[in-house]
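Everything below concerns the one structure shown next.
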Amino acid sequence: HHVLNREKSKKMGTESVIDLVFREVRELGMGIIYVDQHPSLISYPALGNTSTHIYMNLGLDTQYSSDIQDACSMLGLDYRTEGTYLRQLPVGDGFLLARRLSFPHPFLIRFPHAKVNKGTITDEMVAQIAPELPEETVIEPPLSEASRIRDHMKRKKHHHEKPKHAETEPVEIMEEKEDVSSPTAPQIPREQLEIREPQVQKDAGKIDLPDACLKIMRVLGRFDASATSEIYGGISMSGSTFKKNANRLVSDGYLGFRSAKVYRQNSIFYFLTNKGAAAFSRTFGMPREEINAAEFAVAAEKLFRSEGWAVNRADSVWILSKKDRQLKAVLASSLERAMLEGNVANEGAYFVAANVRVKNALMQMAAKRISETNRPFVLSIADFESLHKGEKFKKIGFE
154 HHVLNREKSK KMGTESVIDL VFREVRELGM GIIYVDQHPS LISYPALGNT
204 STHIYMNLGL DTQYSSDIQD ACSMLGLDYR TEGTYLRQLP VGDGFLLARR
254 LSFPHPFLIR FPHAKVNKGT ITDEMVAQIA PELPEETVIE PPLSEASRIR
304 DHMKRKKHHH EKPKHAETEP VEIMEEKEDV SSPTAPQIPR EQLEIREPQV
354 QKDAGKIDLP DACLKIMRVL GRFDASATSE IYGGISMSGS TFKKNANRLV
404 SDGYLGFRSA KVYRQNSIFY FLTNKGAAAF SRTFGMPREE INAAEFAVAA
454 EKLFRSEGWA VNRADSVWIL SKKDRQLKAV LASSLERAML EGNVANEGAY
504 FVAANVRVKN ALMQMAAKRI SETNRPFVLS IADFESLHKG EKFKKIGFE
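Heads up, the sequence shown is in our numbering, so the first residue is 154 and it goes up one at a time.
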């Protein structure tokens, strides 16, 4: 729990690097086994991405931290009536829950006792055992699999590289997955206006702020991030330095922020105020990322229909129907602030962003809307690439 720390994730307001590894490593067909004495201290992203849970004898059960209560929640046991059994398990016994089994309930298991002779291993002992070992102890993946992984990493790297010139080039908003029945995402052309560096405009006297403040405004104005740790992590800034400069920008009226509940964690989302957006435009120029909205709509409709949804397309809000369920969907592909503010006004809708930048823009505009209306709002949002991979909508409860 020192690595997968729950309190650290709460304070950061988002997933840590190791939490992200837990979620992303499945794409490569790999897994992670972790053992801890106190499951109540393990971060929620790690627990949520764990397929097989084994809980043995637990004893920590206090007002502030309870291993037993956490174990009951994950196993689906009643804490009041069945939680006491977790204290009474003998050594070697435990509760097991495997999410991928056809039997979706916890059951008792017993591990055989393995006697281990404690001591040291000498060179002579290794020499006796070595001839019995197979010559090939390392199994390399097939060439096609290794090539697929290398190509996957190259596409990821290319996707995150900034264009050197403001010229139109096809950009994939979704990767093709061989084992997914949903349609392959098309290549949607876009035009991205290169944003000028902050040092140039600062020297020109457009805005009188320190470099650290300008970096924060640039990240938010470009919609590269929205949550606290994503902002300062992307500009190699410490949390304390970010907080000091962000507070100055808030005091000067350039920035606003709003707290929100993401799953069980509290996150803080920042946004540029009207004053901040005007200053950003004068200093850097407004970002533009024009995506072919028609092709994006066609790709989204194919994806929804492949999942069994009937699609009733309207100008701004789509109606999706499946059996007795019906929901509204809003497609967003523009970075125009006025259009984004109009999008988030559709409360109760599911928002599908063309890419991660548009997704960040929607989250910023939602935080801005809550600050202006002071009315709670739950934002259900996902970018198209994540939906194509089978991920679910993220629910952000702004307070």
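All C-beta atoms, glycine included, are put in the ideal place defined by N, C-alpha and C.
- The Cβ-Cβ distance between Phe433 and Met516 does not fall below 8 Å.
- A direct Cα-to-Cα measurement between Val170 and Ala251 gives close to 25 Å.
- At the C-beta level, Arg159 and Leu194 come within 8 Å of one another.
- If you draw a straight line from the Cα of Asn513 to the Cα of Leu493, it is about 11 Å long.
- At a Cβ-Cβ threshold of 8 Å, Met227 and His206 count as neighbours.
- Annotation: Gln418 is outside any alpha helix (DSSP H); the continuous beta strand (DSSP E) that includes it extends over 418-425.
- Taking 8 Å as the cut-off, the beta carbon of Val497 is found closer than this to the beta carbon of Arg522.
- If you draw a straight line from the Cα of Ala482 to the Cα of Glu454, it is about 11 Å long.
- In this structure, Val372 sits away from Lys547, with a CB-CB distance that is not shorter than 8 Å.
- Exclusion of the five residues before and after Asp231 leaves Cys225 as the residues of its chain whose Cβ lies within less than 8 Å of its Cβ.
- Going by DSSP, Gln222 is part of the alpha helix (DSSP H) stretching over 220-228.
- Burial is judged here by how many other beta carbons sit within 10 angstroms of a residue's own beta carbon; Met518 has at least 16 and is buried.
- Residue environment: Ala506 is assigned as buried (16 or more neighbouring CB atoms within 10 Å of its CB, all protein chains considered).
- With contacts defined as CB atoms closer than 8 Å, Leu239 and Tyr197 fail to qualify as a contacting pair.
- Nearest to Gln190 by C-alpha distance, out of Glu177, Leu157, Leu362, is Leu157.
- At least 8 Å separates the beta-carbon of Gly387 from that of Tyr407.
- Per the coordinates, the alpha-carbon of Val531 lies some 45 Å from the alpha-carbon of Pro243.
- Beyond the five residues adjoining it in sequence on each side, Phe457 comes within less than 7 Å, by CB distance, of Val464, Leu473 in the same chain, given in chain order.
- Residue burial annotation: Lys368 is buried, with at least 16 other C-beta atoms found within 10 angstroms of its C-beta.
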